[in-house]
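In UniProt numbering, the protein residues as written are 1 to 371.
Glycine included, each C-beta is placed from N, C-alpha and C at the ideal position.
Computed from a predicted model, the values in this text were never measured in an experiment.
Written out as structure tokens, the structure is:
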């Protein structure tokens with residue numbers, strides 16, 4: 001009877017979810033969760049994914065074709081085949097453009113996925129992958145390696161190590177809130193912990209920039225703003241993307257329930273504490289892999305999930321795959337603009353994502369004020 005009273009008194013109980021009287025709520029968990037996660041039809045979700053995938057395919061071909069050495073789409077695609085196409089075109093495509101396009105998609109997908117997950121975890125549509133200090137830790141360690149004159153692999157390894165240090169710090173300082181088994185909201189403490197850690201890393205980055213030799217400042221600034229130039233091995237980012245997708249996508253129905261509040265989710269049988277930690281680790285490590293590959297590319301993890309949510313709703317089963325496709329395509333498009341806007345010179349891709357992301361986000365706020 002107490003369980004029935006709890007469901008009756010809970011203002012967050014989803015409509016259409018029956019009150020379970022005399023039984024443990026978890027005995028009705030599968031049926032109740034199906035009622036709580038109703039969203040768009042599978043056909044509409046598949047149509048959205050197919051449209052986004054088609055745009056990504058077009059951007060991929062454009063990324064291989066457009067540059068200081070122009071070539072037709074057919075010449076670019078022929079260059080992907082062993083012993084196919086012109087030798088010069090094949091060298092340009094395989095050595096420069098293909099790794100850059102693959103890295104751009106993977107980094108954009110990782111950042112958009114991380115942003116979507118953190119917006120659920122923190123229940124804040126303004127949350128983004130760097131809010132918990134992952135990029136600050138990566139930047140601090142990477143700058144030390146750059147100032148010391150380390151090779152590219154040492155810079156990447158240092159950036160990933162710095163990201164892991166940030167993850168461990170936030171996880172350690174907010175561990176009670178993340179692992180807490182009750183229904184109280186853990187997001188305020190987690191958010192404040194991440195903001196403080198990020199501020200500390202920001203101070204360290206400023207100190208390192210003031211100590212860096214002038215000869216290395218240009219490369220450091222490009223890395224800090226996000227840069228795909230020189231990426232030769234995108235497989236680390238792709239491995240991280242596949243792993244993050246395999247962990248995050250099956251949890252989408254539980255994320256839908258979690259959006260209704262920790263109390264409701266726990267009453268419906270969702271393991272809230274384990275889900276919190278799972279979301280945090282996946283989002284943080286996804287952001288860490290993206291930062292390690294391309295530096296700190298901004299606005300992708302903020303704007304892409306928010307725009308998709310406004311356009312198509314908040315069903316995580318649709319939103320998470322769509323965010324990966326849209327985020328990857330967005331970074332590929334921004335990198336294409338960065339390579340061609342002032343050719344033959346190149347801009348950091350993070351500059352283009354900011355120049356595009358700021359007006360788009362302001363337009364979304366003006367069109368539909370946040371509540």
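Option nearest residue i by Cα separation, candidates the options
i           : options               : result
residue 56  : 192, 333 and 352      : 333
residue 98  : 127, 116, 128 and 60  : 60
residue 109 : 347, 356, 367 and 320 : 320
residue 303 : 65, 81, 247 and 128   : 128
residue 291 : 166, 81, 149 and 96   : 166
residue 253 : 359, 270 and 111      : 270
residue 106 : 312, 301 and 341      : 301
residue 173 : 265, 160, 317 and 188 : 188
residue 42  : 317, 310, 92 and 72   : 317
residue 205 : 162, 310, 176 and 235 : 162
residue 207 : 366, 259 and 144      : 144
residue 117 : 348, 286, 356 and 335 : 286
residue 361 : 310, 70, 216 and 190  : 310
residue 249 : 282, 261, 218 and 260 : 282
residue 49  : 365, 70, 77 and 312   : 312
residue 70  : 58, 359 and 89        : 89
residue 295 : 140, 175 and 66       : 140
For residue j and residue i, the rounded distance between their alpha carbons
i           : j           : result
residue 324 : residue 226 : 18 Å
residue 44  : residue 308 : 14 Å
residue 146 : residue 242 : 29 Å
residue 35  : residue 284 : In this prediction, residue 35 scores a pLDDT of 45, lower than 50, which makes its location untrustworthy; no coordinate-derived value is stated.
residue 183 : residue 351 : Its pLDDT being 47, under 50, residue 183 is placed unreliably by the model, and nothing is read from it.
residue 277 : residue 87  : 50 Å
residue 202 : residue 297 : 16 Å
residue 247 : residue 315 : 17 Å
residue 279 : residue 273 : 10 Å
residue 199 : residue 171 : 16 Å
residue 326 : residue 142 : 28 Å
residue 111 : residue 329 : 12 Å
residue 104 : residue 222 : 15 Å
residue 240 : residue 289 : 6 Å
residue 265 : residue 257 : 5 Å
residue 159 : residue 214 : 21 Å
residue 169 : residue 138 : 13 Å
residue 255 : residue 261 : 10 Å
residue 25  : residue 263 : Below a pLDDT of 50, predicted positions are generally treated as unreliable, and residue 25, at 44, falls in that range; the measurement from the model is reported next regardless. Approximately 12 Å, taken between the alpha carbons.
residue 349 : residue 62  : 16 Å
residue 81  : residue 148 : 40 Å
residue 359 : residue 126 : 15 Å
residue 164 : residue 365 : 33 Å
residue 58  : residue 175 : 44 Å
residue 235 : residue 157 : 14 Å
residue 275 : residue 251 : 8 Å
residue 209 : residue 218 : 11 Å
Proximity of residue i and residue j at Cβ, strictly below 7 Å
i           : j           : result
residue 220 : residue 212 : yes
residue 244 : residue 102 : no
residue 293 : residue 237 : yes
residue 84  : residue 305 : no
residue 52  : residue 322 : yes
residue 354 : residue 299 : yes
residue 100 : residue 231 : yes
residue 93  : residue 79  : yes
residue 343 : residue 68  : yes
residue 335 : residue 224 : no
residue 64  : residue 76  : yes
For this session: Report yes or no: do the region 188 to 198 and the region 130 to 138 share at least 3 C-beta pairs separated by less than 8 Å?
Result: Judged by Cβ distances under 8 Å, the region 188 to 198 makes contact with the region 130 to 138, as three or more pairs qualify.
Problem set entry | Sequence ranges, beta strand (DSSP E) only - wholly within the region 42 to 77, length at least 3 | none
Exercise. Where in the region 165 to 246 do unbroken runs of the alpha helix (DSSP H), each at least 4 residues long, occur, reported from the N-terminal end onward?
Worked result: 175 to 179, 187 to 211 and 214 to 225
Problem set entry | Runs of alpha helix (DSSP H) wholly within the region 255 to 303 (minimum 4 residues, chain order) | 262 to 267 and 272 to 294
For this session: Could you tell me whether the region 119 to 130 touches the region 146 to 159, using the rule of 3 or more Cβ pairs below 8 Å?
Result: The region 119 to 130 vs the region 146 to 159: no contact.
Exercise. In the region 338 to 370, which residue ranges form an unbroken beta strand (DSSP E) of at least 3 residues, counting only runs that do not cross its ends?
Worked result: none
For this session: Entirely within the region 109 to 164 and at least 4 residues each: give me those alpha helix (DSSP H) ranges in chain order.
Result: 134 to 147
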